[in-house]
Structure formats: structure tokens, C-alpha cells
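Right, one structure below, let's go through it.
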Amino acid sequence: MSDTMTDTITIRRPDDWHVHLRDGDMLRAVAPLTARQFARAIVMPNLGTPITSVAAATDYRRRITAAAGPGFTPLMTCYLTDVADPAEIERGHAEGAWVAAKLYPANATTNSAAGVTDVRHIHAALEVMERIGMVLCVHGEVTDPAVDIFDREAVFIERVLEPLLRDFPALKIVFEHITTADAVEFVAASGTNVAATITPHHLHLNRGDLFAGGLRPHLYCLPVAKREAHRLAVRTAAISGSAKYFLGTDSAPHPRQAKESGCGCAGIFNAPFALESYAAAFDEDGALDRFEAFASLNGPAFYGLPVNSESVTLERRAVTVPAEIDGIVPFHAGETLGWALAD
Ligand code: NCD
Ligand code: ZN
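Here it is, written out as C-alpha cells:
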């Protein structure tokens, strides 16, 4: 029976291996939406004041748990800066305060001003991480203004990632939110210590969509969507069944006014209907049989964590995404998706 005949799919409860939950009122608005879909999530540390210490990560996790309610486990990350302390990183990992550290090239994206200006500054931290098996999550874009924005991911591979893997060949790296055929080729050719997350929006959007009928600020994120051939390469990787690719929404909420602005923020808020969006893409490609590996198995395997014991069911049923949720415009706003999470 072909996948197009399947009307429900039951999979182990998925996790989100890359999400922005923010803080304060925004955290209270968005955390329950992620918790409704996912058992665990790798929480990005790019708050107004970045999460660089064990104490800050522990406090932030408490605020997340309070906002999300029971049944959701935040997996914390440490924000790497030029002065990252290897001993603090190792201690946080040993104590379970965080499971990964995040490399933001300085000024690559939202709240990344305190990021790393040159990877040489964090060599001591990376040495420790390689030794203890701690995952490095990477925002893979160069910030050199001379490099065209659509080439920044591909150039990052040759300028940063390849040298980094020569210096730290056993370091566990997640190349996050990949958007190019170049990234897919790099990950596929690397060892099992290199994996990638893929967002729902990069499965659906190419760069033309950002300008379809006018400027579409709610489809703008970083890394920015690329040309169609790249979208197809990323999509082929996602549905391939390879253990190297797994779900990471990069849900990045910004208030509507901050997006609809003379200088609009980067970030797509996809948390409310992320699974529905992914399922629609897998279904279109006849790959629903590989959805569970991508959403629920490959991520835990890479991080060395158990898979979730509960399951979730998605059913083939029309669901219309609201135009706005708590002052934020969600991905697929106003569209009808063909898959819905069963209650
Ligand atoms: C993210 C954000 O708003 O925090 N924005 C985005 O476009 N993805 C930061 C990031 O992950 O680059
Ligand atoms: Zn992100």
C-alpha cells in the first residue's frame, strides 16, 4: 500500500533538537506549544543576556519547566564566547546542567553579538568537548560582509568546519538548520560524529517564496532560504532515512511588529504546527515510513539519550493555521495543512 493511502501514523514521541524559547512573557506564550508537540528540546542559549554559566542555565531551565508544564524536558546549551571557560563547560556537562554548547559566529544572527569572533579562541573548550563527548551545535554561516548572504553556509564549510574537523576529528558536531546541497554533501561525507538538523521551513521554502507577490517578512530567517535546487537537496537528505539527519525546528518567535519593520528580525515561529508541517513534507515525498527515524530516533541516538517511550499519532485531516498566535505570526499562517496531531 502506498504512503498516500495511509491515514494515520503513530510514532514514538518526537524531540526538537533546536528551538528558541526566549524568556519572560514570550517564554510563557511559546513553551507550552513546543511541549505539546515534543518530549524534549535542545534550547538555544541566545537570550538578551546569553547563557554562559552553569548557574544561568540551571535558572533558565527552571523558568522553562515552570512555563511548559509537566511532561517536557528542556535540554540546555552553553553559549560559547571568545572567553569560554573549558572547566565550566566540563562541569556543566558532568552535572547535567547542559548537554551541548552552541557556536554562534559573532553577529551571525539574533543575539549573537557575544558570539565567537575566531574559532581559535575556543580551541581549549573544543578540546575538552571532544574528550568528554559533548556535542557542539553550530550556526554554520560566515559573517564576512564580502560573502554573498546566499553563499555564507557553503563558505563556512571550507573556512571553518573543515579546518575544525581536522583539528578535532572526533568532536561531535551538529551542523544546524542546513539549507544547501553543499551542507548535505559535507555531512554525508563526514564521519558518524557529524550530523545535521533540518527545519520544517527549509523543507517547504525556497528564496523565491520570500518575495512572492511582495516582501514576506514572516518567511525571513537565518540561514535564509536558498534556491530551489538546494531546497530539494535538503529535502532528499531529510527523507533519506540516514541517521545523520534529524528534526530541529529552529522555531524563533519575534513579535509581529519586530518582523514587519524597516529592519525586520530573522526567525520563523513554527512551533505550533511543526510536526504537521514536517509530516506534510514527508507525505508529499511518499516517505512517511521514514518520518519516525527523522523525528524521534536519530536525534537521541546521536546525543546518546534514550528514545521516548510514549507515542504520538498524526492523522490525515485538514487543520488551518491561525493568522496570529499571542501576537506572533506562525509559519503557514492562514494555510491549511493536511496532517494534524491527534489529541
Ligand atoms: C534565530 C533567533 O531569532 O533567535 N533566528 C533565526 O532566524 N533562526 C537565531 C538563529 O537560530 O539563527
Ligand atoms: Zn536557531
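The numbering used here puts the first residue of the sequence shown at 2, with every later residue one more than the last.
Glycine included, each C-beta is placed from N, C-alpha and C at the ideal position.
Measure the C-alpha to C-alpha separation of residue i and residue j and round it to an integer number of angstroms.
i                 : j                 : result
histidine 21      : serine 262        : 21 Å
serine 113        : alanine 280       : 31 Å
proline 51        : alanine 115       : 8 Å
threonine 11      : cysteine 266      : 36 Å
threonine 314     : glutamate 277     : 11 Å
lysine 245        : leucine 172       : 15 Å
threonine 111     : leucine 104       : 13 Å
alanine 58        : cysteine 222      : 25 Å
arginine 13       : leucine 306       : 14 Å
glycine 328       : alanine 190       : 42 Å
aspartate 16      : glutamate 316     : 19 Å
phenylalanine 295 : glycine 242       : 7 Å
threonine 7       : alanine 288       : 11 Å
leucine 211       : phenylalanine 169 : 37 Å
Going by the beta-carbon positions, is the gap between residue i and residue j smaller than 9 Å?
i                 : j              : result
histidine 346     : asparagine 271 : The structure shown does not extend to residue 346, since the chain is modelled only from 2 through 344, so no value can be given for it.
histidine 19      : cysteine 138   : yes
threonine 193     : alanine 155    : no
arginine 37       : leucine 342    : yes
leucine 76        : valine 44      : yes
phenylalanine 151 : leucine 162    : no
alanine 234       : arginine 208   : no
proline 218       : proline 273    : no
Could you give the first and the last residue of the continuous alpha helix (DSSP H) run that contains residue i?
i              : result
tyrosine 246   : Run containing tyrosine 246: none in the alpha helix (DSSP H); it sits in the beta strand (DSSP E), 246 to 248.
alanine 68     : 55 to 69
methionine 130 : 124 to 133
valine 44      : Careful: valine 44 lies outside any alpha helix (DSSP H), inside the beta strand (DSSP E) at 41 to 44.
tyrosine 279   : 275 to 285
arginine 153   : 153 to 157
Going by C-alpha to C-alpha distance, which of the options sits closest to residue i?
i              : options                        : result
valine 185     : Thr74, Ala40, Arg232, Leu216   : Arg232
tryptophan 340 : Val320, Ile326, Pro46, Asp327  : Val320
isoleucine 326 : Ala244, Ala288, Arg257         : Arg257
arginine 64    : Ser54, Ala196, Asp26           : Asp26
glutamate 142  : Asp149, Arg153, Leu206, Cys222 : Arg153
aspartate 290  : Ile269, Pro323, Ala239         : Ala239
alanine 42     : Trp99, Ile329, Asp60           : Trp99
isoleucine 199 : Thr237, Leu216, Leu248         : Leu248
Identify the continuous beta strand (DSSP E) that holds residue i and give its terminal residues.
i                 : result
phenylalanine 176 : 174 to 176
isoleucine 199    : 195 to 199
tyrosine 80       : 74 to 80
threonine 9       : 9 to 13
Against chain D, with Cβ distances strictly below 9 Å, would residue i count as a contact?
i           : result
leucine 206 : No chain D is part of this structure, which consists of one protein chain only.
Using a threshold of 8 Å, is the CB atom of residue i nearer than that to any non-hydrogen atom of the ligand GDP?
i           : result
glycine 141 : Of the ligands one can find in the structure shown, namely the ligand NCD and the ligand ZN, none is the ligand GDP.
- At a cut of 8 Å, does the segment 68 to 81 reach the segment 31 to 47 through at least three beta carbon pairs? The segment 31 to 47 and the segment 68 to 81 touch, with three or more beta-carbon pairs separated by less than 8 Å.
- For the segment 126 to 140 against the segment 81 to 92, are there 3 or more C-beta pairs whose distance is under 8 Å? Look at the beta carbons and you see the segment 126 to 140 touching the segment 81 to 92: at least three pairs across the two are nearer than 8 Å.
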